[in-house]
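If you're matching positions, the sequence shown starts at 519 in my numbering and goes up one per residue.
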Amino acid sequence: MTFNFFKTIFIRLSVIFGLVLVLGLPMIGNAQAGKTQAGIEALNVLQIDCLFPGAPSIKGGDCKDKNLMNEITKFLTGAAYPLAVLVIIWGGYMYFAGGIDGKSTGIKAIQSAIIGLLVIVSADFIVKSIFPTGNSGGASIIQPDGTFNASGVIVLATLIKNFLVGISGAVAVIVLMWGGYKYFFTGLDFEKEGGLKAIKNAVIGLVVILVANGLFDFTTGFVKEATAPGATATSIIAQIQDKLIIPFLGSITGALIALASAFAVLTIIWGGYKYFFAGVQAAKEDGLKNIRNGVIGLGAVILSQAIVAIVQAILPGTKTGAGATPAVLVIVKDPILNVFKVLISDIIIPTSAGFAVFFAVLASYNWITSAGDQKKIENAQKGVKNAVIGLIVMLVAATAIQLLVFIYSSAAGSLT
């Protein structure tokens, strides 16, 4: 049983369905004209009220949601989903259990299944959006009365975008997990390099997906505002600034900051794991490097978050209250000081204090397990001393921040 087997089954089913459809079209057409009882019975079996959109229903009244074109796409997509899943499962089995040829066949099968599923689902969206459905005309490009509906184009594009973002995001996560598995659990250097490449590609893919999703929302929002009844150049610019630019920046930067924070934390955890449980000194040093890189990355993320918050607070159009664009902070008096207070006092100082405690515990662990090694004892003593100094600095900084905010609030009024 191979990929060609499933491919052959799908082709044969499609051919059989096509033959039945072609041979049955005349009978179905006659049934809609009321000429043959057999045709009417065939339509009743298929539960199709009308052959094409706009035709009168054989049961009386207007043509409802069901028509032959929608039934065809429903059948094809219904058969495509389980078939694609079977091909993907088979491809995964071939990749994991097969040899070199099996891996190549498995990858091709998975790629073919995903591409085929994308094509079929996209075609289904297109058909459902182009042909009018009497009960959901707002989502159709062509309305039941034959007029063109511009908003239907956006609905169609949104459906396709949501599907593509969902499946591409899932694929990126799978590639990320697979890359991590290859990097952490394989002993060969070239396998580790392949795992790192997979991780990098997955991260880049996730970033591209996030940016593309934000750009799509921005573009469709612009089209809606520009085509709204009574829209003028001034109103369009105001709406774009208030409803599009700031939410776009917020969604993109928020997603990227969350993604970067997660990877920084994972890097720190992985570095700690290597440092504590590795038996080779080189691995311990590599773990320390990972911890340092993770801490630096986390610091950069926090700094970028502060910059984004300040920019969003200063930009005109940021509002608070019911129906307004959500802001990062509630800004009235001085947005820069407010951002400074929240991020420094509530984020950076507690985080830094947590790291100081962590390094104090780490130094104590090294001291206890030094086994009388004078060099290790001295390094541990330095670590404890630095951690204590760091904690004192954090306490002084927190006190200074609160004092500055109190002085400013007393002089300029409440910040809220």
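Beta carbons are placed, not taken as given, at the ideal position from N, Cα and C, and that holds for glycine. As the structure is a prediction and not an experimental result, all values here were calculated from the model.
Proximal residues to Ala915 (C-beta, below 7 Å), its chain only, five neighbours per side dropped: Taking the first residue of the sequence shown as 1, we reach residue 915 at position 397. Close CB contacts of Ala915 within its chain, under the 7 Å cut and outside five residues either way in sequence, are with Ile867 (chain order).
Cα-Cα separation, Ala959 to Ala615: This structure gives no information on residue 959, because the portion of the chain shown stretches from 519 to 934.
As assigned by DSSP and simplified to three states, the class of Ser888: For the purposes of this step, residue 888 is taken as the residue at position 370 of the sequence shown. Ser888 falls in the coil class under three-state DSSP.
Test item: CB-CB of Ala878 and Val911 under 8 Å: Stepping through the sequence shown from its first residue, residue 878 is reached at position 360. Stepping through the sequence shown from its first residue, residue 911 is reached at position 393. At least 8 Å separates the beta-carbon of Ala878 from that of Val911.
Other residues of its chain near Phe873: CB distance less than 7 Å, five sequence neighbours each side excluded: As a first step, residue 873 must be located in the sequence shown, where it is residue number 355. Sequence-distant partners of Phe873 (beyond 5 residues in either direction) whose C-beta falls short of 7 Å from its own C-beta, in its chain, are Val813.
Gly697 (DSSP reduced to helix, strand or coil): As a working note, residue 697 is residue 179 in the sequence shown. Secondary structure at Gly697: helix, using DSSP grouped into helix, strand and coil.
Contact under 8 Å by Cβ, Val693 with Ala716: The residue given as residue 693 occupies position 175 in the sequence shown. The residue given as residue 716 occupies position 198 in the sequence shown. Their beta carbons are under 8 Å apart, which means Val693 touches Ala716 by this criterion.
Buried or exposed by the 16-neighbour rule on C-beta atoms within 10 Å, applied to Tyr793: Mapped onto the sequence shown, residue 793 falls at position 275. With 16 or more other Cβ atoms within 10 Å, it is buried.
Cβ neighbour criterion (16 or more within 10 Å) applied to Val605: For the purposes of this step, residue 605 is taken as the residue at position 87 of the sequence shown. Val605 is buried by the Cβ-count criterion.
Cα-Cα separation, Phe708 to Tyr701: Locating residue 708 in the sequence shown gives position 190, where the first residue counts as 1. Locating residue 701 in the sequence shown gives position 183, where the first residue counts as 1. If you take the alpha carbons of Phe708 and Tyr701, they lie about 9 Å apart.
Distance between beta carbons of Leu816 and Ser779, contact taken as under 8 Å: Within the sequence shown, residue 779 is the residue found at index 261, counting from 1. Within the sequence shown, residue 816 is the residue found at index 298, counting from 1. Indeed they touch by this definition, with Cβ atoms about 7 Å apart.
For Lys894 and Val691, the rounded distance between their alpha carbons: Walking along the sequence shown from the start, residue 691 turns up at place 173. Walking along the sequence shown from the start, residue 894 turns up at place 376. As the crow flies, the alpha-carbon of Val691 is around 41 Å from that of Lys894.
Inter-residue spacing [alpha-carbon to alpha-carbon] between Trp608 and Gly620: Locating residue 608 in the sequence shown gives position 90, counting from the first residue. Locating residue 620 in the sequence shown gives position 102, counting from the first residue. Rounded to the nearest angstrom, the two C-alpha atoms are 11 Å apart.
Cβ separation of Ala602 and Leu635, assumed to be a contact under 8 Å, to the nearest whole Å: Locating residue 602 in the sequence shown gives position 84, counting from the first residue. Locating residue 635 in the sequence shown gives position 117, counting from the first residue. Yes, Ala602 and Leu635 are in contact; Cβ-Cβ is about 4 Å, under 8 Å.
Pairwise C-alpha distance: Lys802 and Leu733: Here residue 733 is taken as the residue at index 215 of the sequence shown, counted from 1. Here residue 802 is taken as the residue at index 284 of the sequence shown, counted from 1. Their backbone Cα atoms lie some 43 Å apart in a straight line.
Close beta carbons around Gln899, own chain, < 8 Å, minus the five adjacent residues each side: Translated into positions along the sequence shown, residue 899 becomes position 381. Closer than 8 Å at the Cβ level, and outside the excluded window around Gln899, lie Ala881, Trp885.
Supposed contact pair Gly697 and Gly687 - C-beta distance, whole angstroms, cut 8 Å: Position 169 of the sequence shown holds residue 687. Position 179 of the sequence shown holds residue 697. Contact check for Gly687 and Gly697: beta-carbon distance about 16 Å, past the 8 Å limit, so the pair fails to qualify.
Simplified DSSP assignment, three categories, for Gly616: Mapped onto the sequence shown, residue 616 falls at position 98. In the structure shown, Gly616 sits in coil (DSSP, three-state: anything other than H, G, I, E or B).
Test item: CB-CB of Tyr613 and Gly596 under 8 Å: In the sequence shown, the residue the question calls residue 613 occupies position 95. In the sequence shown, the residue the question calls residue 596 occupies position 78. In this structure, Gly596 does not lie closer than 8 Å to Tyr613 by Cβ.
Leu777 beta carbon less than 8 Å from that of Leu724: Within the sequence shown, numbered from 1, the residue matching residue 724 stands at position 206. Within the sequence shown, numbered from 1, the residue matching residue 777 stands at position 259. With contacts defined as CB atoms closer than 8 Å, Leu724 and Leu777 qualify as a contacting pair.
Spatially closest choice to Val875 from Ala720, Asp735, Val902, by CA coordinates: Against the sequence shown, residue 875 aligns to sequence position 357. By alpha-carbon distance to Val875, the top candidate from Ala720, Asp735, Val902 is Val902.
Alpha-carbon spacing of Ile775 relative to Ala818, whole angstroms: Numbered from its first residue, the sequence shown carries residue 775 at position 257. Numbered from its first residue, the sequence shown carries residue 818 at position 300. When rounded, the distance between both Cα atoms is 10 Å.
Distance, Leu784 Cα to Gly617 Cα: Along the sequence shown, read from residue 1 onward, the residue named residue 617 stands at position 99. Along the sequence shown, read from residue 1 onward, the residue named residue 784 stands at position 266. The straight-line gap separating the alpha-carbon atoms of Gly617 and Leu784 is approximately 33 Å.
C-alpha gap between Leu498 and Gly790, whole angstroms: What is shown of the chain runs 519 to 934, which leaves residue 498 out entirely.
Between the CA atoms of Ile786 and Leu806 - distance to the nearest angstrom: Position 288 of the sequence shown, counted from the first residue, corresponds to residue 806. Position 268 of the sequence shown, counted from the first residue, corresponds to residue 786. Computed Cα separation, rounded: 9 Å.
Assigned secondary structure, Ala840 (DSSP; H/G/I helix, E/B strand, else coil): What you label residue 840 is simply residue 322 of the sequence shown in a count that begins at 1. Here Ala840 scores only 43 on pLDDT, less than 50, and its place in the model is too uncertain to base an answer on.
Counted within 10 angstroms of its Cβ, other Cβ atoms place Asn731 as buried (16 or more) or exposed: Within the sequence shown, numbered from 1, the residue matching residue 731 stands at position 213. With 16 or more other Cβ atoms inside 10 Å of its own Cβ, Asn731 counts as buried.
Cutoff 6 Å; reference Lys502; Cβ partners in own chain excluding five residues on either side: Nothing can be reported for residue 502, as the shown portion of the chain is limited to 519 through 934.
Straight-line gap, Ile722 to Ala918 (C-alpha atoms, nearest Å): Sequence index remark: in the sequence shown, residue 722 carries index 204 (1-based). Sequence index remark: in the sequence shown, residue 918 carries index 400 (1-based). Distance between the alpha carbons of Ile722 and Ala918 is about 41 Å.
Sub-8 Å separation of Gly610 and Ile628 beta-carbons: As a first step, residue 610 must be located in the sequence shown, where it is residue number 92. As a first step, residue 628 must be located in the sequence shown, where it is residue number 110. With contacts defined by Cβ atoms closer than 8 Å, Gly610 and Ile628 form a contacting pair.
Rounded straight-line distance, which links the Cα of Asn904 to that of Thr887: Here residue 887 refers to the residue found at position 369 of the sequence shown. Here residue 904 refers to the residue found at position 386 of the sequence shown. Linking Thr887 to Asn904 through their CA atoms gives a straight-line distance of about 19 Å.
Same chain only: Cβ atoms within 6 Å of Ala631, ignoring 5 sequence neighbours per side: Translated into the one-based positions of the sequence shown, residue 631 becomes position 113. Annotation for Ala631: Ala602, Val605, Ile606 place their beta carbon closer than 6 Å to its own, counting only its chain and skipping 5 residues before and after.
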